[in-house]
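Chemist: Numbering-wise, my numbering comes out as the position in the sequence shown, counting from 1, plus 1372. Okay, here's the structure, questions in a sec.
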Amino acid sequence: MVAGCVITEEYAVAVSADRMWKVACSGDALLKACAGLIDSVDVEGDGGPGSITTMTLSAAGAAASGGRLMRRRVVARDDEAQVLRNEVLEGSKVNEQLRSLVTELKIEAAGEGGCVAKFKLEYERLDGGGALVPKNQAALTGGYLCLLKTIEAYLVANPADYA
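Shown next, in the form of structure tokens:
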């Protein structure tokens, strides 16, 4: 568990929770849905706890996240509850300020064919200080929102995929 600060965000998504979850938890699906944002995805492991995912981002993806490479280790994955918790090992706009960063994505059904993607970022600063300034908090959450919006746009445009 990360000691420090927490940022939470919610994003209403116009596709089902099951479809969103299938893409969020699959390297191949993520690569397909986020073409133009992600150049490659390599998963070491079965996608469960302990697995390491390395994403090489395109120039557009790097601009949104702050780096060309994103590495994360799965801390917990609950397919039934649709919760994915990762420790970020590398890649973030404010990474140089953080000792640790843990992300949690929870997908909840909402209404007919829609869902809500809830994410939580828990971080601890290197200097032991409190919350990041709002600009850096926005930079930290911006990459995740961009990824969610890109997945949603793909799934809306391709209603048969991951159904």
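A virtual CB, placed ideally from N, CA and C, is assigned to each residue, including glycine. Owing to the predicted nature of the structure, the values given are computational and were not obtained by experimental measurement.
On a Cα-Cα basis, can you pick out the residue from L1520, S1430, A1481 and Q1469 that is closest to E1452?
Modeler: Residue numbering aside, residue 1452 sits at position 80 when the sequence shown is read from its first letter. Nearest C-alpha to E1452: A1481.
Chemist: Compare the C-alpha of S1430 against each of V1505, A1525, G1515 and Y1526 and name the closest.
Modeler: Reading the sequence shown from its first residue, position 58 is the one you call residue 1430. Answer by Cα proximity: G1515.
Chemist: With DSSP as the reference, label Y1534 as helix, strand or coil.
Modeler: Residue numbering aside, residue 1534 sits at position 162 when the sequence shown is read from its first letter. Coil at Y1534, not helix or strand.
Chemist: Could you give the DSSP three-state label for D1499: helix, strand or coil?
Modeler: If you number the sequence shown from 1, residue 1499 lands on position 127. D1499 falls in the coil class under three-state DSSP.
Chemist: Thinking L1527 and A1405 are a contact (beta carbons under 8 Å), I'd like their distance in whole angstroms, please.
Modeler: As a first step, residue 1527 must be located in the sequence shown, where it is residue number 155. As a first step, residue 1405 must be located in the sequence shown, where it is residue number 33. With 8 Å as the limit, L1527 and A1405 qualify as a contact, their Cβ atoms being about 7 Å apart.
Chemist: Please state the DSSP three-state secondary structure of A1386.
Modeler: Counting from 1 along the sequence shown, the entry for residue 1386 is found at position 14. A1386 falls in the coil class under three-state DSSP.
Chemist: Can you have a look at K1478 and say buried or exposed, based on whether 16 or more other CB atoms are within 10 angstroms of its CB?
Modeler: Stepping through the sequence shown from its first residue, residue 1478 is reached at position 106. Classification of K1478: buried, given that the 10 Å Cβ count is 16 or more.
Chemist: What are the boundary residues of the beta strand (DSSP E) that includes L1456?
Modeler: Position 84 of the sequence shown holds residue 1456. First-last of the beta strand (DSSP E) with L1456: V1455 to E1462.
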